[in-house]
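J.: Quick one: structure below, then a few questions.
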Amino acid sequence: MAGVFLDLSRKDEDASVVLYKSGYYNQAVYMLIQSMEKYIKHMICKKIDISKDFFADKLKDDAHNFDKSIDFLITIIAGDNKIFAESLKMQFKEQLLQRQKFSFIYNAIRYPFLNKQYKSYSFIEMNRRDYEKIADIFGVLKKALRDLEEKKLY
Numbered sequence: 043m044a045g046v047f048l049d050l051s052r053k054d055e056d057a058s059v060v061l062y063k064s065g066y067y068n069q070a071v072y073m074l075i076q077s078m079e080k081y082i083k084h085m086i087c088k089k090i091d092i093s094k095d096f097f098a099d100k101l102k103d104d105a106h107n108f109d110k111s112i113d114f115l116i117t118i119i120a121g122d123n124k125i126f127a128e129s130l131k132m133q134f135k136e137q138l139l140q141r142q143k144f145s146f147i148y149n150a151i152r153y154p155f156l157n158k159q160y161k162s163y164s165f166i167e168m169n170r171r172d173y174e175k176i177a178d179i180f181g182v183l184k185k186a187l188r189d190l191e192e193k194k195l196y
């Protein structure tokens with residue numbers, strides 16, 4: 043499964059580049075977040091036995107929730123070491139992911155949001171810089187995960 047998720051991640055990333063070059067920034071960001079999520083699942087599957095119901099169900103339950111997938115990956119990396127887990131969580135969310143809420147962005151770029159207080163709808167429009175920032179974050183995330191793997195911390 044790890045290889046399948048990696049292949050899917052690469053294809054989604056390639057599709058995001060095509061959309062980006064065509065000026066479809068919301069769709070490009072959507073595909074890029076899809077790619078990021080599948081890359082995380084690729085890393086998870088490298089360390090778990092996906093044939094076990096618990097892990098298969100966990101991956102399915104966390105489907106399309108980038109933040110939950112990151113939390114699951116951190117749990118796998120840190121194991122029972124709560125101090126290491128908290129340190130990783132801070133490093134991932136604060137530094138690597140730059141406090142971005144990718145699960146929120148994932149939905150906000152596809153659907154209008156109703157603000158009941160103001161009785162109005164809003165919609166997020168992404169632009170070239172937004173895409174490039176998220177692509178940079180993804181590049182840093184991939185490098186950090188490869189580094190963890192090389193150092194046998196993962």
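Just so you know, the working numbering puts 156 at position 114 of the sequence shown, and the rest follows in order with no gaps. Heads up, the beta-carbon is just placed ideally off N, CA and C, and yes, glycines get one too. This structure is a prediction, so every number in the text was calculated from the model and none was measured.
Nearest by alpha-carbon distance to Y72: which of V182, I151, R170 is it?
T.: Answer by Cα proximity: I151.
J.: Helix, strand or coil: how does DSSP classify Y81 here?
T.: Reduced to three states, the DSSP call for Y81 is helix.
J.: If we ignore side chains and look at the alpha-carbon of each, how far apart do K193 and S51 end up?
T.: Near 23 Å, if we compare the C-alpha coordinates of S51 and K193.
J.: Quick one: measure Cβ to Cβ for Q76 and D54, integer angstroms, because I've assumed they're closer than 8 Å.
T.: Correct: roughly 5 Å between the Cβ atoms.
J.: Alpha helix (DSSP H) containing L156: first to last residue?
T.: From DSSP, L156 is part of no alpha helix (DSSP H) but of the beta strand (DSSP E) over 155-157.
J.: When you compare only the Cα positions, how much space is there between S93 and F114?
T.: S93 and F114: Cα-Cα distance of roughly 17 Å.
J.: Tell me which residues share the same chain as T117 and place their Cβ nearer than 8 Å to its Cβ, disregarding the 5 neighbours each side in the sequence.
T.: So the list reads A127, once near-sequence residues are dropped.
J.: Taking Cβ positions, are M168 and N68 nearer each other than 7 Å?
T.: Yes.
J.: Over the uninterrupted alpha helix (DSSP H) stretch that includes S51, give me the two end residues.
T.: From DSSP, the alpha helix (DSSP H) with S51 extends over 44-63.
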